[in-house]
Amino acid sequence: MNRVAVELGDRSYEVRIGAGLIARAGAEIAPLLRRKRVAVVTDETVAAAHLPALTAALEAEGIAVSALALPAGEGTKGWANLARCTEWLLDQKVERRDIVVALGGGVIGDLVGFSAAILRRGVRFVQLPTTLLAQVDSSVGGKTGINTAQGKNLVGAFHQPSLVLADIGVLQTLPDRDLLSGYGEVVKYGLLGDADFFDWLERHGPALRAGDADARLHAVTRSVEMKAGIVSRDETEEGERALLNFGHTFCHALEKATGYSDRLLHGEGVAIGCALAFELSARIGLCSQEDPSRLRAHLRAMGMKVDLRDIPGDLPDAEALIALMGQDKKVIDGRLRFILARGIGDAFVAEDVPGDAVRKVLDEALRQRP
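Every position in the sequence shown, counted from 1, becomes a number in the working numbering once 33 is added.
Right, dumping it as structure tokens:
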């Protein structure tokens with residue numbers, strides 16, 4: 034098991050990464066408990082696959098378990114299920130010193146974390162991420178929230194977990210498309226700040242996809258190390274943490290345009306967004322054209338979505354996509370912020386991106402669609 038510390042003073046916590054952590058969850062969580070009971074919130078798909086093992090692990094340590102399974106899917110991450118989750122936790126008489134466990138992917142982690150943040154003005158919670166995307170990104174750093182009609186993650190709170198248990202063994206049960214979606218966030222870390230990690234991914238990405246445990250352990254650990262370091266220095270995204278949004282300005286607009294549906298998974302949108310961000314960077318002279326070409330080649334080699342033409346169904350025009358970007362949380366004083374790159378591993382926040390350059394990149398990408 035690898036351990037990565039998120040250093041935030043008296044709110045510091047560990048991310049523990051390894052195989053078999055759900056089976057050991059009782060022993061891992063027990064030291065945090067003031068009384069031997071936890072409330073677990075998950076989704077119906079994850080509950081069928083992993084809730085019995087988690088319940089057994091907790092009960093083996095004498096910990097009483099109550100559980101709620103919400104519907105699976107991005108559509109769950111809204112007002113209705115936030116209310117359902119929070120009211121259920123109240124019904125369970127969860128106290129401020131108790132622990133709520135979020136068992137699932139990013140949807141469950143974000144929603145349950147937000148519910149814990151607002152319940153009794155802040156209840157402790159533990160993240161047990163069951164997808165690659167959640168293990169490397171959404172479970173770490175304390176961003177919680179829900180989607181609304183106006184956009185993605187526009188309502189939420191910073192609320193750090195007390196512990197994250199990333200069981201890489203459960204990745205064996207992930208559908209290939211979901212694994213590759215998570216890989217979009219893994220690649221992001223190499224692109225934004227670690228060129229050597231991107232080199233490693235070019236060599237070992239296929240083995241990771243094929244199930245190599247050592248490759249998965251290294252990729253998750255390195256991704257978490259990078260995120261933990263950034264979060265420790267900039268918890269509430271006043272500066273450096275914005276780099277973690279690399280590819281996300283494009284991604285969130287595309288997710289909104291596709292109705293947060295299975296047409297485009299989040300990590301797929303991140304991968305496409307990273308490719309567009311590199312294309313935009315090259316267009317305005319920040320990096321060489323070889324960089325976006327190299328990124329696209331790696332994503333293609335991994336069997337991932339790379340361009341707008343890979344998204345099924347209709348998409349709005351460039352102007353409409355730019356308008357959707359205007360709802361993004363990264364807008365400041367009405368100006369869009371993009372994370373751009375001077376090269377692989379060298380990203381930065383740009384607030385003066387020419388609008389016509391963004392429009393041309395999108396126009397060209399849309400023209401390539403069938």
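Idealized CB from N, CA, C, for every residue including glycine.
Under the assumption that Arg-316 contacts Val-394 (Cβ atoms under 8 Å), give the Cβ distance between them as a whole number of angstroms. Residue numbering aside, residue 316 sits at position 283 when the sequence shown is read from its first letter. Residue numbering aside, residue 394 sits at position 361 when the sequence shown is read from its first letter. With a Cβ gap of about 6 Å, Arg-316 and Val-394 count as contacting.
Gly-102 and Asp-124 look like a contact to me (Cβ under 8 Å); what is the Cβ gap, rounded to whole Å? Start at 1 with the first residue of the sequence shown, and residue 102 comes out as number 69. Start at 1 with the first residue of the sequence shown, and residue 124 comes out as number 91. The sequence given here places Ala at residue 102; Gly does not occur at that position. Not quite, the Cβ-Cβ distance comes to about 15 Å (not below 8 Å), so this is no contact.
Can you tell which of Val-37, Arg-36, Gly-42 and Met-34 has the C-alpha that lies nearest to the C-alpha of Glu-268? Reading the sequence shown from its first residue, position 235 is the one you call residue 268. Measuring from the Cα of Glu-268, the nearest candidate turns out to be Gly-42.
Excluding the five sequence neighbours on either side, which residues of its own chain have a C-beta within less than 6 Å of the C-beta of Ser-326, listed in chain order? Stepping through the sequence shown from its first residue, residue 326 is reached at position 293. If we look at Ser-326 and ignore the five residues flanking it on each side, it has no Cβ neighbours.
For a quick check, are the C-beta atoms of Gly-280 and Lys-185 less than 8 Å apart? Translated into the one-based positions of the sequence shown, residue 280 becomes position 247. Translated into the one-based positions of the sequence shown, residue 185 becomes position 152. Contact: no.
Starting from Pro-239, trace the alpha helix (DSSP H) in both directions and tell me its first and last residue. Stepping through the sequence shown from its first residue, residue 239 is reached at position 206. 228–243 is the span of the alpha helix (DSSP H), which, as asked, contains Pro-239.
I'd like to know whether the C-beta atoms of Leu-84 and Ala-58 end up nearer to each other than 8 Å. As a first step, residue 84 is located in the sequence shown; it is residue number 51 there, counting from the start. As a first step, residue 58 is located in the sequence shown; it is residue number 25 there, counting from the start. Going by C-beta atoms, Leu-84 is not nearer than 8 Å to Ala-58.
Residues near Ala-380 in its chain [Cβ-Cβ closer than 8 Å; skip 5 each side]: By one-based count along the sequence shown, residue 380 stands at place 347. Exclusion of the five residues before and after Ala-380 leaves Leu-224, Leu-225, Gly-226, Leu-276, Phe-279, Ile-372, Leu-373 and Ala-374 as the residues of its chain whose Cβ lies within less than 8 Å of its Cβ.
Return the chain-ordered list of same chain residues with a C-beta closer than 6 Å to the C-beta of Glu-40, the five sequence neighbours on each side being excluded. Counting from one through the sequence shown, the residue named residue 40 turns up at place 7. Within the same chain, Glu-40 has close Cβ partners Ser-265.
In the DSSP assignment, the alpha helix (DSSP H) including Pro-325 goes from what residue to what residue? For the purposes of this step, residue 325 is taken as residue 292 along the sequence shown, with counting starting at 1. Start and end: 323–334.
Just how far apart, CA to CA, sit Tyr-293 and Val-169? If you number the sequence shown from 1, residue 293 lands on position 260. If you number the sequence shown from 1, residue 169 lands on position 136. Spanning the two alpha carbons is a distance of roughly 21 Å.
Are Ala-167 and Gly-139 touching if we call contact CB-CB under 8 Å? Counting from 1 along the sequence shown, the entry for residue 167 is found at position 134. Counting from 1 along the sequence shown, the entry for residue 139 is found at position 106. Cβ distance < 8 Å, so Ala-167 and Gly-139 count as in contact.
Look up Ala-89 in the DSSP assignment and say whether it is helix, strand or coil. Start at 1 with the first residue of the sequence shown, and residue 89 comes out as number 56. Looking at Ala-89 - three-state DSSP - the assignment turns out to be helix.
Applying the criterion that 16 or more other CB atoms from any shown protein chain within 10 Å of the CB defines a buried residue, is Ser-321 buried or exposed? Here the question's residue 321 lines up with position 288 in the sequence shown. Of the other Cβ atoms in all chains shown, fewer than 16 fall within 10 Å of the Cβ of Ser-321; this residue is therefore exposed.
Spell out a yes or no on whether the region 188–200 and the region 340–352 are touching, meaning 3 or more CB-CB pairs, one atom from each, closer than 8 Å. no
Three-state secondary structure (DSSP) of Asp-76: For the purposes of this step, residue 76 is taken as residue 43 along the sequence shown, with counting starting at 1. DSSP places Asp-76 in strand when its eight states are reduced to three.
Close Cβ partners of Leu-241 (< 7 Å) along its chain, the five nearest in sequence each way excluded: Your numbering for residue 241 matches position 208 in the sequence shown. Closer than 7 Å at Cβ, skipping near neighbours: Ala-248, Arg-249 and Ala-252.
Buried versus exposed call for Ala-330 [16 or more other C-beta atoms within 10 Å across all chains shown]: Working through the sequence shown from its first residue, we reach residue 330 at position 297. Ala-330 is exposed by the Cβ-count criterion.
Span separating the alpha-carbon of Ile-355 from that of Gly-217: As a working note, residue 355 is residue 322 in the sequence shown. As a working note, residue 217 is residue 184 in the sequence shown. Spanning the two alpha carbons is a distance of roughly 22 Å.
Just the C-alpha distance for Asp-324 and Leu-332, rounded to the nearest angstrom, thanks. Numbered from 1 along the sequence shown, position 291 holds the residue referred to as residue 324. Numbered from 1 along the sequence shown, position 299 holds the residue referred to as residue 332. The alpha-carbon atoms of Asp-324 and Leu-332 are separated by roughly 12 Å.
Leaving out five residues before and five after Arg-44 in sequence, what residues of the same chain have Cβ atoms less than 8 Å from its Cβ? Taking the first residue of the sequence shown as 1, we reach residue 44 at position 11. Around Arg-44: Gln-193.
Nearest neighbour of Gly-238, chosen from Ser-172, Met-337, Gly-53 and Val-145 [CA to CA]: As a working note, residue 238 is residue 205 in the sequence shown. When only C-alpha atoms are compared, the closest one is Met-337.
Within 8 Å, strictly: CB atoms of Lys-110 and Ile-179: Translated into positions along the sequence shown, residue 110 becomes position 77. Translated into positions along the sequence shown, residue 179 becomes position 146. Their beta carbons are under 8 Å apart, which means Lys-110 touches Ile-179 by this criterion.
Smallest Cα separation from Thr-282: which of Met-335, Ser-214, Ala-304 and Leu-136? One-based indexing of the sequence shown puts residue 282 at position 249. Nearest of Met-335, Ser-214, Ala-304 and Leu-136 to Thr-282, Cα basis: Ala-304.
Counting C-beta neighbours from all protein chains within 10 Å, is the total for Lys-176 16 or more, i.e. buried, or is it exposed? Mapped onto the sequence shown, residue 176 falls at position 143. Classification of Lys-176: buried, given that the 10 Å Cβ count is 16 or more.
Would Ile-132 pass as a contact of Val-74 if the rule is Cβ separation under 8 Å? As a position in the sequence shown, residue 132 is number 99, starting the count at 1. As a position in the sequence shown, residue 74 is number 41, starting the count at 1. Val-74 sits away from Ile-132, with the two beta carbons spaced by 8 Å or more.
Whether Leu-87 touches Leu-136 by CB criterion (8 Å): Sequence index remark: in the sequence shown, residue 87 carries index 54 (1-based). Sequence index remark: in the sequence shown, residue 136 carries index 103 (1-based). Yes, the Cβ-Cβ distance between Leu-87 and Leu-136 is below 8 Å.
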